[in-house]
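A.B. asks: Just dropping this structure here.
There are 6 protein chains.
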Amino acid sequence: MMYICRRVEFCASHRLHSPVLSGTENEVLYGRCNNPNGHGHNYVLEVIVAGEVAPDTGMVMDLKKLKDLLEEQIVDRVDHKNLNVDVDFLKGVIPTTENLVASFWKLVDGKLSPGCRLHEMRLWESDNNMAFYRGEGGKVKVHSEK
Amino acid sequence: MMYICRRVEFCASHRLHSPVLSGTENEVLYGRCNNPNGHGHNYVLEVIVAGEVAPDTGMVMDLKKLKDLLEEQIVDRVDHKNLNVDVDFLKGVIPTTENLVASFWKLVDGKLSPGCRLHEMRLWESDNNMAFYRGEGGKVKVHSEK
Amino acid sequence: MMYICRRVEFCASHRLHSPVLSGTENEVLYGRCNNPNGHGHNYVLEVIVAGEVAPDTGMVMDLKKLKDLLEEQIVDRVDHKNLNVDVDFLKGVIPTTENLVASFWKLVDGKLSPGCRLHEMRLWESDNNMAFYRGEGGKVKVHSEK
Amino acid sequence: MMYICRRVEFCASHRLHSPVLSGTENEVLYGRCNNPNGHGHNYVLEVIVAGEVAPDTGMVMDLKKLKDLLEEQIVDRVDHKNLNVDVDFLKGVIPTTENLVASFWKLVDGKLSPGCRLHEMRLWESDNNMAFYRGEGGKVKVHSEK
Amino acid sequence: MMYICRRVEFCASHRLHSPVLSGTENEVLYGRCNNPNGHGHNYVLEVIVAGEVAPDTGMVMDLKKLKDLLEEQIVDRVDHKNLNVDVDFLKGVIPTTENLVASFWKLVDGKLSPGCRLHEMRLWESDNNMAFYRGEGGKVKVHSEK
Amino acid sequence: MMYICRRVEFCASHRLHSPVLSGTENEVLYGRCNNPNGHGHNYVLEVIVAGEVAPDTGMVMDLKKLKDLLEEQIVDRVDHKNLNVDVDFLKGVIPTTENLVASFWKLVDGKLSPGCRLHEMRLWESDNNMAFYRGEGGKVKVHSEK
Numbered sequence: 060m061m062y063i064c065r066r067v068e069f070c071a072s073h074r075l076h077s078p079v080l081s082g083t084e085n086e087v088l089y090g091r092c093n094n095p096n097g098h099g100h101n102y103v104l105e106v107i108v109a110g111e112v113a114p115d116t117g118m119v120m121d122l123k124k125l126k127d128l129l130e131e132q133i134v135d136r137v138d139h140k141n142l143n144v145d146v147d148f149l150k151g152v153i154p155t156t157e158n159l160v161a162s163f164w165k166l167v168d169g170k171l172s173p174g175c176r177l178h179e180m181r182l183w184e185s186d187n188n189m190a191f192y193r194g195e196g197g198k199v200k201v202h203s204e205k
Numbered sequence: 060m061m062y063i064c065r066r067v068e069f070c071a072s073h074r075l076h077s078p079v080l081s082g083t084e085n086e087v088l089y090g091r092c093n094n095p096n097g098h099g100h101n102y103v104l105e106v107i108v109a110g111e112v113a114p115d116t117g118m119v120m121d122l123k124k125l126k127d128l129l130e131e132q133i134v135d136r137v138d139h140k141n142l143n144v145d146v147d148f149l150k151g152v153i154p155t156t157e158n159l160v161a162s163f164w165k166l167v168d169g170k171l172s173p174g175c176r177l178h179e180m181r182l183w184e185s186d187n188n189m190a191f192y193r194g195e196g197g198k199v200k201v202h203s204e205k
Numbered sequence: 060m061m062y063i064c065r066r067v068e069f070c071a072s073h074r075l076h077s078p079v080l081s082g083t084e085n086e087v088l089y090g091r092c093n094n095p096n097g098h099g100h101n102y103v104l105e106v107i108v109a110g111e112v113a114p115d116t117g118m119v120m121d122l123k124k125l126k127d128l129l130e131e132q133i134v135d136r137v138d139h140k141n142l143n144v145d146v147d148f149l150k151g152v153i154p155t156t157e158n159l160v161a162s163f164w165k166l167v168d169g170k171l172s173p174g175c176r177l178h179e180m181r182l183w184e185s186d187n188n189m190a191f192y193r194g195e196g197g198k199v200k201v202h203s204e205k
Numbered sequence: 060m061m062y063i064c065r066r067v068e069f070c071a072s073h074r075l076h077s078p079v080l081s082g083t084e085n086e087v088l089y090g091r092c093n094n095p096n097g098h099g100h101n102y103v104l105e106v107i108v109a110g111e112v113a114p115d116t117g118m119v120m121d122l123k124k125l126k127d128l129l130e131e132q133i134v135d136r137v138d139h140k141n142l143n144v145d146v147d148f149l150k151g152v153i154p155t156t157e158n159l160v161a162s163f164w165k166l167v168d169g170k171l172s173p174g175c176r177l178h179e180m181r182l183w184e185s186d187n188n189m190a191f192y193r194g195e196g197g198k199v200k201v202h203s204e205k
Numbered sequence: 060m061m062y063i064c065r066r067v068e069f070c071a072s073h074r075l076h077s078p079v080l081s082g083t084e085n086e087v088l089y090g091r092c093n094n095p096n097g098h099g100h101n102y103v104l105e106v107i108v109a110g111e112v113a114p115d116t117g118m119v120m121d122l123k124k125l126k127d128l129l130e131e132q133i134v135d136r137v138d139h140k141n142l143n144v145d146v147d148f149l150k151g152v153i154p155t156t157e158n159l160v161a162s163f164w165k166l167v168d169g170k171l172s173p174g175c176r177l178h179e180m181r182l183w184e185s186d187n188n189m190a191f192y193r194g195e196g197g198k199v200k201v202h203s204e205k
Numbered sequence: 060m061m062y063i064c065r066r067v068e069f070c071a072s073h074r075l076h077s078p079v080l081s082g083t084e085n086e087v088l089y090g091r092c093n094n095p096n097g098h099g100h101n102y103v104l105e106v107i108v109a110g111e112v113a114p115d116t117g118m119v120m121d122l123k124k125l126k127d128l129l130e131e132q133i134v135d136r137v138d139h140k141n142l143n144v145d146v147d148f149l150k151g152v153i154p155t156t157e158n159l160v161a162s163f164w165k166l167v168d169g170k171l172s173p174g175c176r177l178h179e180m181r182l183w184e185s186d187n188n189m190a191f192y193r194g195e196g197g198k199v200k201v202h203s204e205k
């Protein structure tokens, strides 16, 4: 078993606001991240794929194919976007780092080359904050219902 | 003459859109940065101050005072904000990196400790794009008039 | 199960010297790190917390609370300190990266939000040296007895 | 159980080309990495060792010994080299990141201090591409036979 | 006057060897960089352009045009190449960082948007070694004659 | 004219305390940096040398010689040291970043290869604080007299 990691970047804006909390509760919980007009980040996403090394190629999976998959499924849909408004697969999702990485997981899982599986996704919101997910314990519920 | 540099960070959202250009011209010029609902960045600002080293303290300027000045004048007013909407001193300013750094310059210039002068301000929008300003050639005109 | 990571920094001085070794043994073992008057580092600490994502908030744990906990329990007590002399919870502890991270673990473990557990602590002494701990195999014995 | 990580760097050139594929297949699979005259990278290798912390020293393993081992076994043999031509232990190995890290593993595994074991090796080819290996599932077959 | 910086990356292999020095002199001067089969780097190039900020756009120069120019003139011609063999404009040039940055300067100088001028080019061969050039003192002679 | 930069690192401890100020004045001025038992940093020093590129070698100055000079004159004397106690050339010098970089300048200035001159020295105390010096305006007075 070998693991490969591909890193991609995108920049986006978002606002943290829960539909099931009051205005004051949102302010207390999210602080400056609840600013009504939003703010933004340069996000860094690290995607780790596990598989066997093919002796004929020396590769777990063609890194170019992995890059293309990540761009098609994720980067092209979130880069230079407002995550609360512009992204179909994030409708109704509070765009915390946790919910983003769980949503990205669903878009890539099952689409890798044969014999490969998604091992981990790491999403950095800044140099100081990150969330990572390994697909453990069933799908994360990313939608909040009012 | 000695130079000291203090680095601060903030995250914000913005949209590049010029009031004197048509919708199509804006799309062509700014590309994805013209997205109507905006996007965002983790900005890094480096502020360089020039002055003599005081023999009694070994310092050009108290770095804590410089940090406090930058937070009061800049970071507290732009961090976790929408630069097109939330920031008074950016009203009517297209928030390109060039215009931002020129605007920040005005907020700090002349407020340093006696004997010190602002030498350079560098603003990184991402790892790949940066603008810097040295106060050369008079004040930069940052406002676009319709 | 989701994992969140918070990164904090502090700078401190230390000297590596074991009370159960002779002066020569200490010099041979620790080399320049045994310098009697000490040296120092900019440390980077990454703290990883595991838990379920709360659907109402989209968060594993309020990152602000995690940051406050880390500052209160660790950063405020070690930042700009001499780790051999100034820090009560490090009395009698050889301040290697391994012993530091095991000591920090004890200060945070059990103090997280309900439903969360400490998954890993990573302490970088420099860009080249790091130790991490996952709470495996019982508490690490960090005190050397003469 | 505690984990320590040592990071080393080397720069080298390589060409990706499989002896069991046709010229066209190689071009399609490896793209620009198949350039006949090669290209190169600044590689970063992170080696993670697991073990108990010795109470007398506060260390899992003498980091100096680990560094010396890595330099002797790996860095001195690949730094400023052409990985396809100059390195004996890579003869017949397609120098992908996966094959390199598996080859490095064999050179270090079993040579650590008593009580320590190799936990993970991470090899960064660039800021965007990395492979890591944990010794799972038997030895990786790194040689392609024509 | 405002300055903008665009950063691009490429990876390439090279060998340092002067045609006017003996084999031994080359070995002594360049050390490991004289390895006959070459080695390689992940290069980082920072290009700084000076100009006035246009009030209608808030920009010194369209960053997309600058990026396209750098890719067309430099990156596409050196990325994943052997700098001693594959690159027409480097024929007969010892590919030191100094000679590379002077050669790149010639490819971009005079091709910027009206009103802009090339201010500085910085080329990092690794985290530890860099050369920069400001076009001072006439063109650098990059060709060694036997 | 071409510029080359060499980056070196060292770690050291220090305490900021001025002999011409009272205890309270020192506490107010230097804050946590006045801690009696000191603290420390991983310092990064960037040394920039200006000169002509020699056509026969493609180099401004042999980087290996520059590295050796920096190690001999600076790194070997300050690495893993207490800057207030262990370093002869810093006796009586308040070890601020400004005073350190001015002191380092004196140790290297005039010792470069023929035709080269020291252009700039940049010393990072942390990612956020830096001082640089260009030899302007005569020698900086680094000694405080009681």
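Line by line, the protein sequences are chains A, B, C, D, E and F.
Residue numbers for the first sequence follow the numbering used here, beginning at 60 and rising by one.
Residue numbers for the second sequence follow the numbering used here, beginning at 60 and rising by one.
Residue numbers for the third sequence follow the numbering used here, beginning at 60 and rising by one.
Residue numbers for the fourth sequence follow the numbering used here, beginning at 60 and rising by one.
Residue numbers for the fifth sequence follow the numbering used here, beginning at 60 and rising by one.
Residue numbers for the sixth sequence follow the numbering used here, beginning at 60 and rising by one.
Just so it is clear, CB atoms sit at the ideal spot from N, CA and C, and this is done for glycine as well.
1) Flag residue 170 (chain A) as yes if its beta-carbon sits less than 8 Å from any beta-carbon of chain D, otherwise no.
2) Take residue 83 (chain E) and list the residues in its own chain whose beta-carbon comes closer than 6 Å to its own, dropping the five residues that flank it on each side.
3) Between residue 166 (chain C) and residue 120 (chain C), which are expected to be in contact by the criterion C-beta below 8 Å, what is the C-beta distance as a whole number of angstroms?
4) Could you tell me which uninterrupted beta strand (DSSP E) segments, each at least 3 residues in length, are contained entirely in the segment 137-187 of chain A, listed from first to last along the chain?
5) Can you give me, in chain order, the residues of the segment 61-88 of chain B that have a beta carbon less than 7 Å from any beta carbon in chain A?
6) Residue 67 (chain D) bridges to which residues according to DSSP?
7) Closer than 8 Å, CB to CB, is residue 189 (chain E) near chain D or not?
8) Please list the residues of the segment 157-184 of chain B that have a C-beta atom closer than 8 Å to any C-beta atom in chain E, keeping them in chain order.
9) Using only the alpha-carbon positions, how far apart do residue 93 (chain F) and residue 151 (chain F) sit?
10) Mind listing the chain E neighbours of residue 124 (chain F)? Cutoff is C-beta to C-beta under 8 Å, in chain order.
11) Should residue 140 (chain C) go down as buried or exposed, given a rule of 16 or more other Cβ atoms within 10 Å for buried?
12) Which partner residues does residue 89 (chain B) have in the DSSP bridge list?
13) Quick one: what's got a C-beta closer than 8 Å to residue 188 (chain E)'s C-beta in the same chain, skipping five residues either side?
14) Can you tell me whether residue 81 (chain E) is buried or exposed, with buried defined as 16 or more other CB within 10 angstroms of its CB?
15) How would you write the range of the alpha helix (DSSP H) that residue 200 (chain A) sits in, first residue to last?
16) Counting along the chain, where does the alpha helix (DSSP H) carrying residue 80 (chain C) start and finish?
17) Give a yes or no on whether 8 Å exceeds the smallest Cβ distance from residue 150 (chain F) to chain C.
18) Taking one C-beta from the segment 97-105 of chain F and one from the segment 113-128 of chain F each time, how about it: are there three or more such pairs within less than 8 Å?
19) If I follow the unbroken alpha helix (DSSP H) through residue 127 (chain F), where does it start and stop?
20) Measure from the C-beta of residue 147 (chain C) to each C-beta in chain F and report whether the shortest distance is under 8 Å.
21) Quickly, what does DSSP pair residue 60 (chain C) with across the bridge? List them, please.
22) Distance, Cα to Cα, residue 205 (chain C) vs residue 76 (chain C)?
23) Is the beta carbon of residue 159 (chain C) sitting closer than 8 Å to the one on residue 128 (chain C)?
24) Using the Cβ count rule (16 or more neighbours within 10 Å means buried), how would you classify residue 112 (chain C)?
25) Do residue 201 (chain A) and residue 162 (chain A) have their CB atoms nearer than 8 Å?
26) For chain D, find out if any of its Cβ atoms is closer than 8 Å to the Cβ of residue 97 (chain C); answer yes or no.
27) Measuring CA to CA, which of B:177, B:146, B:132 and B:138 is closest to residue 90 (chain A)?
28) Quick one: what's residue 99 (chain F) bridged to in DSSP?
29) What residues from the segment 100-120 of chain A come within 7 Å of chain D, judged by C-beta to C-beta, listed N to C?
30) Among B:122, B:142, B:195 and B:173, which has the Cα closest to the Cα of residue 70 (chain B)?
31) Alpha carbon to alpha carbon, how far is residue 148 (chain E) from residue 135 (chain B)? Give it in angstroms, no decimals.
32) Please determine, among A:85, A:194 and A:108, the residue with the shortest C-alpha to C-alpha distance to residue 191 (chain D).
33) Run down chain E in chain order and give the residues with a C-beta less than 8 Å from the C-beta of residue 138 (chain D).
34) What number of angstroms, rounded off, separates the C-alpha of residue 195 (chain C) from the C-alpha of residue 124 (chain B)?
C.D. replies: According to the data block:
1) For the purposes of this step, residue 170 (chain A) is taken as residue 111 along the first sequence, with counting starting at 1. Not flagged as an interface residue toward chain D: residue 170 (chain A), since no C-beta distance is shorter than 8 Å.
2) Sequence index remark: in the fifth sequence, residue 83 (chain E) carries index 24 (1-based). Nothing meets the Cβ criterion.
3) Translated into positions along the third sequence, residue 166 (chain C) becomes position 107. Translated into positions along the third sequence, residue 120 (chain C) becomes position 61. The distance from the Cβ of residue 166 (chain C) to that of residue 120 (chain C) is about 17 Å, inconsistent with a contact at the 8 Å cut-off.
4) Runs of the beta strand (DSSP E) inside the segment 137-187 of chain A: 176-183.
5) Going along the segment 61-88 of chain B in chain order, one finds 70, 71 and 72 with a Cβ nearer than 7 Å to chain A.
6) For this step, residue 67 (chain D) is matched to residue 8 along the fourth sequence. The partner list for residue 67 (chain D) (beta bridge, DSSP) reads D:104.
7) The sequence position of residue 189 (chain E) within the fifth sequence is 130, counting from 1. Among the CB atoms of chain D, none fall inside 8 Å of the CB of residue 189 (chain E).
8) Listed in sequence order: 157, 158, 160 and 161.
9) Residue mapping note: residue 93 (chain F) aligns to position 34 of the sixth sequence, counting from 1. Residue mapping note: residue 151 (chain F) aligns to position 92 of the sixth sequence, counting from 1. Between residue 93 (chain F) and residue 151 (chain F), the C-alpha separation is close to 16 Å.
10) In the sixth sequence, residue 124 (chain F) corresponds to position 65, counting from 1. Going along chain E, no residue has its Cβ under 8 Å from residue 124 (chain F), so there is no contact; the nearest lies around 10 Å.
11) In the third sequence, the residue the question calls residue 140 (chain C) occupies position 81. Flag for residue 140 (chain C) reads buried.
12) Position 30 of the second sequence, counted from the start, is the residue given in the question as residue 89 (chain B). According to DSSP, residue 89 (chain B) bridges with nothing at all.
13) Within the fifth sequence, residue 188 (chain E) is the residue found at index 129, counting from 1. So the qualifying residues of the chain are 156.
14) Along the fifth sequence, one-based indexing puts residue 81 (chain E) at 22. Result: exposed.
15) The residue labelled residue 200 (chain A) in the question sits at position 141 within the first sequence. Looking at the DSSP string, residue 200 (chain A) is not in any alpha helix (DSSP H), and its letter there is neither H nor E.
16) Translated into the one-based positions of the third sequence, residue 80 (chain C) becomes position 21. Unbroken run through residue 80 (chain C): none, as it is neither H nor E.
17) The residue you call residue 150 (chain F) lines up with position 91 of the sixth sequence. Interface criterion not met: the Cβ of residue 150 (chain F) is under 8 Å from no Cβ in chain C.
18) Under the Cβ criterion (8 Å, minimum of three pairs), the segment 97-105 of chain F does not count as touching the segment 113-128 of chain F.
19) The residue labelled residue 127 (chain F) in the question sits at position 68 within the sixth sequence. For residue 127 (chain F), the enclosing alpha helix (DSSP H) starts and ends at 122-129.
20) Numbered from 1 along the third sequence, position 88 holds the residue referred to as residue 147 (chain C). For residue 147 (chain C), the answer is no, since every Cβ of chain F falls outside 8 Å of its Cβ.
21) As a working mapping, residue 60 (chain C) is identified with position 1 in the third sequence. Looking at the DSSP output, residue 60 (chain C) shares a beta bridge with no other residue.
22) In the third sequence, counting from the first residue as 1, residue 205 (chain C) sits at position 146. In the third sequence, counting from the first residue as 1, residue 76 (chain C) sits at position 17. Residue placement at residue 205 (chain C) is poorly supported in this model, since its pLDDT is 48, which falls under 50; the coordinates are not used for a value here.
23) Taking the first residue of the third sequence as position 1, residue 159 (chain C) is located at position 100. Taking the first residue of the third sequence as position 1, residue 128 (chain C) is located at position 69. No, the pair does not count as a contact, with Cβ atoms beyond the cut-off.
24) Residue 112 (chain C) sits at position 53 when you count from the first residue of the third sequence. By the beta-carbon neighbour count (other beta carbons within 10 angstroms, threshold 16), residue 112 (chain C) is buried.
25) As a working note, residue 201 (chain A) is residue 142 in the first sequence. As a working note, residue 162 (chain A) is residue 103 in the first sequence. The Cβ atoms of residue 201 (chain A) and residue 162 (chain A) sit closer than 8 Å to each other.
26) Residue numbering aside, residue 97 (chain C) sits at position 38 when the third sequence is read from its first letter. Answer no: the Cβ-Cβ gap between residue 97 (chain C) and chain D never drops below 8 Å.
27) Start at 1 with the first residue of the first sequence, and residue 90 (chain A) comes out as number 31. For the residues B:177, B:146, B:132 and B:138, the minimum Cα distance to residue 90 (chain A) belongs to B:138.
28) The residue labelled residue 99 (chain F) in the question sits at position 40 within the sixth sequence. For residue 99 (chain F), which the question treats as bridged, DSSP gives the partners F:72.
29) Flagged, chain order: 112, 114, 115, 116, 117, 118 and 119.
30) Start at 1 with the first residue of the second sequence, and residue 70 (chain B) comes out as number 11. Nearest to residue 70 (chain B) by alpha-carbon distance, out of B:122, B:142, B:195 and B:173, is B:142.
31) For the purposes of this step, residue 135 (chain B) is taken as the residue at position 76 of the second sequence. For the purposes of this step, residue 148 (chain E) is taken as the residue at position 89 of the fifth sequence. Taking the Cα positions, residue 135 (chain B) is about 50 Å away from residue 148 (chain E).
32) In the fourth sequence, the residue the question calls residue 191 (chain D) occupies position 132. For residue 191 (chain D), the closest C-alpha among the options A:85, A:194 and A:108 is that of A:108.
33) Along the fourth sequence, one-based indexing puts residue 138 (chain D) at 79. Simply 91 and 98.
34) In the third sequence, counting from the first residue as 1, residue 195 (chain C) sits at position 136. In the second sequence, counting from the first residue as 1, residue 124 (chain B) sits at position 65. Rounded to whole angstroms, residue 195 (chain C) to residue 124 (chain B) spans 45 Å at the Cα level.
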